[in-house]
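My numbering puts the sequence shown at residues 12 to 110. Where is the CB? At the ideal position from N, CA and C, for every residue including glycine.
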Amino acid sequence: MPTYVYKCRDCGHEFEEFQSMTDSPLETCPSCNGYVERIISGGSGFLFKGAGFYITDYRSDSYKKAAAADSSGTSSSSTSSSSSSKSSTDSKTNKSGDK
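Next comes the structure, spelled out in structure tokens:
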């Protein structure tokens, strides 16, 4: 059931009324008995509370496995390439005898 906002034309009093969509609109002001009209309001937005509600929270298992493999593969390849470049540098210095 929606909450409707009314405003009195005579005294300017604004109030909210919780009523069914099939109910007829109110016509009298509760404070001065003047004529009221229903105001079209923006309504209320919905609010996400708690942890979650992100697109990444509900990924498929295959996506999670591929992402894990990709992230672990990237870090290990950079480590191995840096160690291999050190060994090739060490072997060059050993051949030339500049140690």
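task = Rounded to whole angstroms, what's the CA-CA distance from ILE51 to ALA78? Just pull it up for me.
result = 48 Å
request  = Just mark CYS43 as buried or exposed, buried being the case when its beta carbon has 16 or more other beta carbons within 10 Å.
outcome  = exposed
ask   = Excluding the five sequence neighbours on either side, which residues of its own chain have a C-beta within less than 8 Å of the C-beta of ARG20, listed in chain order?
value = GLY45, TYR46, VAL47, GLU48
request  = Take the Cβ of GLU27 as the centre, count every other Cβ of all protein chains shown within 10 Å, and call the residue buried at 16 or more, exposed below.
outcome  = exposed
request  = Let me know if GLU38 comes out buried or exposed under the rule of 16 or more other beta-carbons within 10 Å of its beta-carbon.
outcome  = exposed
query = Where does TYR17 land, buried or exposed, given buried means 16+ other C-beta within 10 angstroms?
reply = buried
task = Starting from ARG49, follow the beta strand (DSSP E) in both directions and report where the run begins and ends.
result = 47-50
message = Residues in the same chain with beta-carbon distance under 7 Å from CYS22, minus the five sequence neighbours each way, listed in chain order, please.
response = CYS40, SER42, CYS43, GLY45
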